[in-house]
Amino acid sequence: MVRSCDEVIAKKSLSPLAATAGEDDVRVHSEEVYSAILDVTAPTGYMDNQVPPTRATPRESRVKHNQPITHRAILPHCPHSPTMAEPKFHPFMRLPPELRHQIWEMSIEPREVVFGRLKETNDRRRKLPFCAAPPPSLLTACAESRAHMQRFYTKAYIRPLPGAPSHGRDNVPEYCWVNFATDTVRITHRQVPHFSHLAAARKLVVETLYELASRDRFRHPGLALEQLTILDLDESRGAIWWFPWIDFMEGLYYGCDAVAFDTTVLHGDAEPLTRENWLQVDRAWRKEMLDKIFWGHPELREQAERGGDDEDAEDVEHVEWPRLVTFRRRWRHVDGCACANKKGAPANK
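Sequence positions in the sequence shown follow the UniProt record's numbering and run 1 to 349.
Have a look at this one:
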């Protein structure tokens, strides 16, 4: 049988008497020991939600004789004491305001703020803008923390979608507190043009069943975006799920005016499509298709390869090859760029 820490201490304190005295003497002595402990610890040894015990009579002590003493002040070495509570720093408000503010700021934790999900069973709920993240605890701790933390958190919201009911129904919140420096915002592809603070988001996750309608929205020079993650939930394309996203990546990165943020397209357990590998994935697929189309005709395959990326169109005889395999991607130049080859991409591209 597992015994509590206080029972072990009580037994050890009474064991010398049990060897020399009778049972009645031991009981009387134990009652005095327990009463003395309770008297000493009653003023300060109990938590705020506990009532300090009074001095017990011999009969009351006899009834409480087998009840364990589990107070933290008496048994500081007992890790399983049921009355142990989280440590509190009561002099916190006596610290200088600057130090308190620094503590509040160091307590900020990154979160994922979800404004919408695509896999919702209720069609009406799917159209409603909602926020699944509760307010950060720093905004509800006290008046001082709320006043200070409002410098870091912003009220973000989704503008009403076409055909959606008003914000006030079904207890749907109109906004959600977001710290764009640390939090990740998660929205759907339909909510992208309706998100109130798209320009301020640094980490953005977009759920979609289709290719994003316009990549120009993410090429705006005023965006603070650092990481764009796209969750492709369309399972109809199979192994070439990445195909519609090649043009999206080309519009972001294949030119002298490439955007600075990173983009990752995720699709189930498949290897992600990133800004580092999208061009290699596309070229590897096209070479595989060339092997299948021009099998046994090496001269035609060589001519088709010459019509690949970054080649001068004047050097290639115009032959009607399958466009998906032989079309040429043009490196975008900007006025005043210092590219080594104006007709194509730099050598390291």
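Glycine is no exception: its CB is placed at the ideal position from the N, C-alpha and C atoms.
The alpha helix (DSSP H) enclosing residue 280, as first and last residue numbers | 278-293
With residue 247 as the anchor, note down where its alpha helix (DSSP H) starts and where it stops.
-> 243-253
Euclidean distance between Cα positions of residue 109 and residue 148 = Their backbone Cα atoms lie some 15 Å apart in a straight line.
Those residues which DSSP pairs with residue 231 across a bridge | 207, 266
Give the range of the beta strand (DSSP E) segment to which residue 98 is assigned.
-> Note, residue 98: premise wrong, no beta strand (DSSP E); alpha helix (DSSP H) at 97-106.
What three-state label does DSSP hand residue 192 in the structure shown?
-> Helix at residue 192.
Helix or strand or just coil, what does DSSP make of residue 329?
-> Here residue 329 sits in coil by DSSP.
C-alpha distance - residue 293 paired with residue 258, whole-angstrom precision | 33 Å
Using CA coordinates, which residue listed in 268, 246, 201 is at the minimum distance from residue 277?
-> 246
What does DSSP give as the partner residues of residue 199 in its beta bridges?
-> Residue 199 pairs with nothing; no bridge assigned.
At what residues does the alpha helix (DSSP H) containing residue 156 begin and finish?
-> Not the alpha helix (DSSP H): residue 156 falls in the beta strand (DSSP E), residues 154-156.
Have a look at the DSSP bridge pairing and note the partners of residue 113.
-> 185
Using the C-alpha atoms, what's the distance from residue 138 back to residue 229?
-> 27 Å
If you draw a straight line from the alpha carbon of residue 44 to that of residue 177, how long is it in whole angstroms?
-> Bear in mind that a pLDDT of 46 at residue 44, under 50, signals an unreliable position, so the number given afterwards is only what the model happens to contain. So the two alpha carbons sit approximately 41 Å from each other.
With burial defined as no fewer than 16 other Cβ atoms inside 10 Å of the residue's Cβ, what is the status of residue 270: buried or exposed?
-> exposed
Going by other Cβ atoms of all chains shown within 10 Å of its Cβ, with 16 needed for buried, is residue 334 buried or exposed?
-> exposed
Just mark residue 191 as buried or exposed, buried being the case when its beta carbon has 16 or more other beta carbons within 10 Å.
-> buried
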